[in-house]
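Enquirer: Protein chains in written order, with my numbering: chain A, 1 to 444; chain B, 445 to 722. First, the structure itself, so that you have it in front of you.
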Amino acid sequence: MSTEVVILAENLGKRYFLTHRRGGRSQYTALRDVIADGVRNFFSAWLFSKDRSRRTDKEEFWALREVYLEVKKGEVIGIIGRNGAGKSTLLKILSRITEPTTGRVGLKGRVASLLEVGTGFHPELTGHENIFLNGAILGMTQAETRKKFDEIVAFAEIEKFLDTPVKHYSSGMYMRLAFAVAAHLEPEILVIDEVLAVGDAAFQKKCLGKMGDVAKEGRTVLFVSHNMAAVTQLCRNAIHLQNGRVVDSGPAANVVNRYLALGQSDAATVDLRDFPTRTGSGTVRFEWGEMRGSEGEARRDFSIGEDVIIAFRFQAGPGFHERQVRLAIQLRTSDGISLCNMADMDSDFAIKDFCGAETISVRLPDVRLYPDTYYLSLWVGSITNIDVYDWVRDCLSFAIVGGGQLTTRMLPRSAGLLFWTPTWTRLPAASSASTARSFQVPTP
Amino acid sequence: MKLESSEFDWVIEAGRTERHYWMDLWRYRELFYFLAWRDILVRYKQTVIGIAWALIRPVLAMLVLTVVFGKLARLPSGDFPYPILVFCGLLPWQFFSSSLSESSNSLIANSNLISKVYFPRLVVPASAVITSLVDFLIASGFLAMLMMWYRFVPDWRTVTLPLFITITFVAAIGPGMWLAALNVKYRDFRYVVPFLVQFGLYFSPVGFSSSVVPDSWRLIYYLNPMAGVIDGFRWAILGPPAAIFLPGFCISMVMIILLAVTGVWYFRSTERAFADVI
């Protein structure tokens, strides 16, 4: 990594105006409304000159504020933060899609943005045609695309389907092709937003590997992701945005840890409305989750053998009319071992008359885990398991702090995970002799 | 470290995108070509009769207009077969009207590109016009056949056709820019375009010769840019008796240039906010 600065941002800010429409009719301005408002305002100003305050139904909103950023050549920098923290706005300014309201940015070299995989693909065109089209959209010349063509096809593993329209592709093939085109661009600065949220595990791994290679070639990468493992793995440094401002920066691992600590706070109750690490369509969303003791009190420290209660609430967005939803809870240890996946159906529980919102309590009786912190992920999806509505990862946690009434001995986590108290029996002398004999008899 | 603009290739700042604009436009010429190619490919890909669509529309329109204006209203056609007179007007008119609809809709149709990738936005409405140009060329082939059928021999003036095609192109792109940019901001502008196109057909000398317009109205009539363009086409293809009314033609040209210049100006001044409002 050299010391040459390739991105330098000074006092960067972006302001949007939120218009609060009285009727709330649509998100777009219609000429009809502009004319109607104009006429109304004209007359109201003329007739009732006092009533001018009504016009100020515009609200200022700073998506980005006073951002200073310095990125050196060959640096891979991660940008993390909750939804709406300004990450995408920052990338949009850097890739010149939108203009900043204040401040300025200096860029050295060509910037290519990969803000959403598959942007500009046309479903009617074949894979072959789409590679060239997408290359042009991302700023490659035809000659450059041709040079990289074989490599792209090989990376995407779509040799056989080159002449098939991409509308017939599986979503996996589609994503592979889209990522492949973008990853083989040769800009000096590559801007990536949430590409790894797609594809299967093997392909995600391949993408991560490719991005690592890109960085090794000395190109600068800006990487926005909710996948904290990917950020720590890929990026040397990271910045944490919150409400449009940089609140933390430094070595990626440290920033990520501090960020996760914010989300997975020690509080027993967690507000899940804009929790960062989530996937799913969002048509149903978890609102909050809470760890409770057997008396229903909110707490997160438990002794072995206690009942642990997980309470949570989820709500459907407008336009969601399914009557059945399926729930699941995933439990993992602090070192990432998946312990169990508890589905509602296994406990003969099912919601068949869902109407908008539901609060659920799940009691795990007699929890016998070794002292450690355990993380819970909440999942809600369709009855067929095909659609994931909301999947909030590692949003709740509880700690097992000691043996409680069951034991007072030391229980290091390295010695075990499950605190089982099996039935130990001492067999009588005669029967033990016969058992031992039966072992000696070879089976014919 | 302080930002010194001399050290960087690009400096992004509010209101400073201008500097590289025309250079970028040249750099993105391949995108222009690819977008046009995509639209053409897609247009004819999943249609049963494919290219024939480009012929059916103008031919049917020609039949209707010939019957209405030529046979029923018995408007004068000079010495030409009425179908040829109509088709000479229909060619530029259809090119103009479909360019106008395509380009005014183009930004909305490519909204995912605009909010996700940077490129000079002028590329989009400009490349949308190319699709219409292809239709125009196909329909021109039909005109050639029509002329052979009527044993009509054009003279040297045909050579000037490319000039008139270019003028039509400019005539379409000016209002196209206006409508494309307005469409992004005000979504109900999309209803204005079909309306314009439908009425324009009768306000322009498509189904009749411009000589039927009364003298007192002539200069005003040529405020319609397509009036001058269609006259030019008739003059180039049909020859002598179809004369160009020069003052009128000049008025049309001024209108075309005025619309094109203001169109590009308006487009450029609203362009930077496209990604925010689209």
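Note that the Cβ used here is the ideal one computed from N, Cα and C, for glycine as well. No experiment lies behind these values; they were computed from the predicted model shown.
Within 10 angstroms of its Cβ, does residue 639 of chain B collect 16 or more other Cβ (buried), or is it exposed?
Expert: exposed
Enquirer: What does the alpha-carbon distance come out to for the pair residue 146 of chain A and residue 633 of chain B?
Expert: 40 Å
Enquirer: Looking at the C-beta of residue 32 of chain A, does it have a partner C-beta in chain B at a distance below 8 Å?
Expert: Yes, its Cβ sits closer than 8 Å to a Cβ of chain B.
Enquirer: I'd like to know whether the C-beta of residue 109 of chain A is nearer than 8 Å to at least one C-beta of chain B.
Expert: yes
Enquirer: For a test of the three-state rule: what should DSSP assign to residue 128 of chain A, helix, strand or coil?
Expert: Per DSSP, reduced to three states, the secondary structure at residue 128 of chain A is helical.
Enquirer: Quick one: which residues of the region 163 to 193 of chain A get their C-beta closer than 7 Å to a C-beta of chain B? List them in chain order.
Expert: none
Enquirer: In whole angstroms, what is the alpha-carbon distance linking residue 54 of chain A and residue 41 of chain A?
Expert: The pLDDT assigned to residue 54 of chain A is 46, lower than 50, so where the model puts this residue is not dependable, and the model offers no usable value.
Enquirer: Would you check if the distance between the CB atom of residue 307 of chain A and the CB atom of residue 378 of chain A is smaller than 8 Å?
Expert: Not in contact: residue 307 of chain A and residue 378 of chain A (Cβ atoms no closer than 8 Å).
Enquirer: Between residue 249 of chain A and chain B, is the shortest Cβ-Cβ distance under 8 Å, so that the two count as touching?
Expert: no
Enquirer: To the nearest angstrom, how far is it from the Cα of residue 23 of chain A to the Cα of residue 630 of chain B?
Expert: With a pLDDT of only 44 at residue 23 of chain A, under the threshold of 50, the placement of this residue in the model should not be trusted; the figure read from the coordinates follows. Going by the C-alpha atoms only, they are around 17 Å apart.
Enquirer: Using Cβ-Cβ distances below 8 Å, what residues of the region 120 to 139 of chain A are close to chain B?
Expert: Taking 8 Å as the cut-off between beta carbons, the residues of the region 120 to 139 of chain A near chain B are 120, 122, 124, 125, 129, 132, 133, 136, 137, 138 and 139, in sequence order.
Enquirer: Is the CB of residue 485 of chain B under 8 Å away from at least one CB in chain A?
Expert: yes
Enquirer: Report yes or no: do the region 552 to 561 of chain B and the region 117 to 126 of chain A share at least 3 C-beta pairs separated by less than 8 Å?
Expert: yes
Enquirer: Please state whether DSSP places residue 415 of chain A in a helix, a strand or coil.
Expert: In this structure, residue 415 of chain A counts as helix in the three-state DSSP scheme.
Enquirer: Once DSSP output is grouped into helix, strand and coil, what is the label at residue 325 of chain A?
Expert: Strand.
Enquirer: Kindly indicate which residue of A:358, A:12 and A:302 has the alpha-carbon position closest to the one of residue 92 of chain A.
Expert: A:12
Enquirer: Determine, using beta carbons only, whether residue 556 of chain B comes closer than 8 Å to chain D.
Expert: In summary, chain D is missing from the structure at hand, where the protein chains are A and B.
Enquirer: So, does the CB of residue 465 of chain B fall closer than 8 Å to a CB anywhere in chain A?
Expert: no
Enquirer: Which residues in chain A sit within 8 Å of residue 579 of chain B, going by Cβ to Cβ distance?
Expert: Under the 8 Å cutoff, chain A gives no residues; its nearest Cβ is about 18 Å from residue 579 of chain B.
Enquirer: In whole angstroms, what is the alpha-carbon distance linking residue 260 of chain A and residue 401 of chain A?
Expert: 21 Å
Enquirer: Using a cut-off of 8 Å between C-beta atoms, extract the partners of residue 482 of chain B located in chain A.
Expert: 122, 125, 129 and 133
Enquirer: DSSP three-state label for residue 290 of chain A, please.
Expert: Secondary structure of residue 290 of chain A (DSSP, three-state): strand.
Enquirer: When you compare the CB of residue 520 of chain B with every CB in chain A, is at least one pair closer than 8 Å?
Expert: Among the residues facing chain A, residue 520 of chain B is not included, as its CB has no counterpart in that chain under 8 Å away.
Enquirer: What residues in the region 619 to 653 of chain B have a beta carbon less than 7 Å from any beta carbon of chain A?
Expert: Within the region 619 to 653 of chain B, the qualifying residues are 629, 630, 631, 632 and 633.
Enquirer: Find out if the Cβ-Cβ distance for the pair residue 248 of chain A, residue 88 of chain A is shorter than 8 Å.
Expert: no
Enquirer: Quick check: is any heavy atom of the ligand PLP less than 7 Å from the C-beta of residue 690 of chain B?
Expert: As presented, the structure is devoid of all ligands, the ligand PLP included, so that no description of it is given.
Enquirer: I'd like to know if residue 333 of chain A contacts chain B, where contact means its C-beta is closer than 8 Å to some C-beta of that chain.
Expert: no
Enquirer: Thinking C-alpha only, which one of A:408, A:6 and A:78 is nearest residue 237 of chain A?
Expert: A:78
Enquirer: I'd like to know if residue 365 of chain A contacts chain B, where contact means its C-beta is closer than 8 Å to some C-beta of that chain.
Expert: no
Enquirer: Consult DSSP for residue 342 of chain A and reduce its assignment to one of helix, strand or coil.
Expert: strand
Enquirer: Taking its Cβ as the centre, do 16 or more other Cβ atoms sit within 10 Å of residue 345 of chain A, making it buried, or is it exposed?
Expert: exposed
Enquirer: When you compare each of B:665, B:616, B:509 and B:551 to residue 531 of chain B by their alpha carbons, which one comes out closest?
Expert: B:509
Enquirer: Using a threshold of 8 Å, state whether the C-beta atoms of residue 376 of chain A and residue 454 of chain B are closer than that.
Expert: Not in contact: residue 376 of chain A and residue 454 of chain B (Cβ atoms no closer than 8 Å).
Enquirer: Tell me where the alpha helix (DSSP H) around residue 454 of chain B begins and ends.
Expert: Careful: residue 454 of chain B lies outside any alpha helix (DSSP H), inside the beta strand (DSSP E) at 454 to 457.
Enquirer: Does the contact criterion of 3 or more C-beta pairs under 8 Å hold for the region 581 to 591 of chain B versus the region 655 to 674 of chain B?
Expert: no
Enquirer: Identify which residue in A:183, A:278, A:239 and A:339 has its Cα closest to the Cα of residue 250 of chain A.
Expert: A:239
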